[in-house]
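Read through the structure below, which is laid out as structure tokens, and then see the notes.
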Amino acid sequence: MKRLALILLTTLLLTGCGTTTPTQSSQAAYVASSTSAKFHRPDCQWAHKISAGNKITFSTREEAIKKGYEPCKVCRP
């Protein structure tokens, strides 16, 4: 009986390990710094340099442009 309970518990734990929750960079289509005038794709080399405290996210390209940000010349969002 203990062995069956152990197998069941292990199975439940391993099943739960396969679930993931989306991170902020995967939810945001575009990112920018509050101290800059450029916006980037989340995987851009310059986006990785933005500190968490300065990071702003946008759902659409149009939203970023409307707020006064310009597209990055490296990642070309």
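According to this note's numbering, the residues represented by the sequence shown are 37 to 113, in order.
Glycine is no exception: its CB is placed at the ideal position from the N, C-alpha and C atoms.
Computed from a predicted structure; not experimentally measured.
Contacts around residue i, its chain only, beta-carbon distance under 7 Å, and the 5 residues preceding and following it disregarded
i, result
"C80", "C108, V110, C111"
"A83", "V67, H76, R77"
"I86", "V67, S69"
"P113", "Y66, F75, H76, R77, R97, P107"
Contact under 8 Å by Cβ, residue i with residue j
i, j, result
"E106", "A64", "no"
Own chain partners of residue i with C-beta closer than 8 Å, once the 5 adjacent residues on each side are dropped
i, result
"T96", "A65, Y66"
"T71", "N90"
"G104", "A73"
Enclosing beta strand (DSSP E) for residue i [first to last residue]
i, result
"K91", "91-94"
"V67", "66-69"
Whole-Å CB distance - residue i paired with residue j, under 8 Å assumed
i, j, result
"A34", "F94", "The structure shown has nothing for residue 34, since the chain only spans 37 to 113."
Burial state of residue i (16 or more Cβ within 10 Å)
i, result
"I43", "exposed"
Residue range of the unbroken alpha helix (DSSP H) whose run includes residue i
i, result
"A100", "97-102"
Proximity test, Cβ basis, 8 Å: residue i and chain E
i, result
"T96", "Included in the structure is just one protein chain, with no chain E present."
Sequence-distant residues of its chain with Cβ nearer than 6 Å to residue i (five each side left out)
i, result
"I92", "A68, S70"
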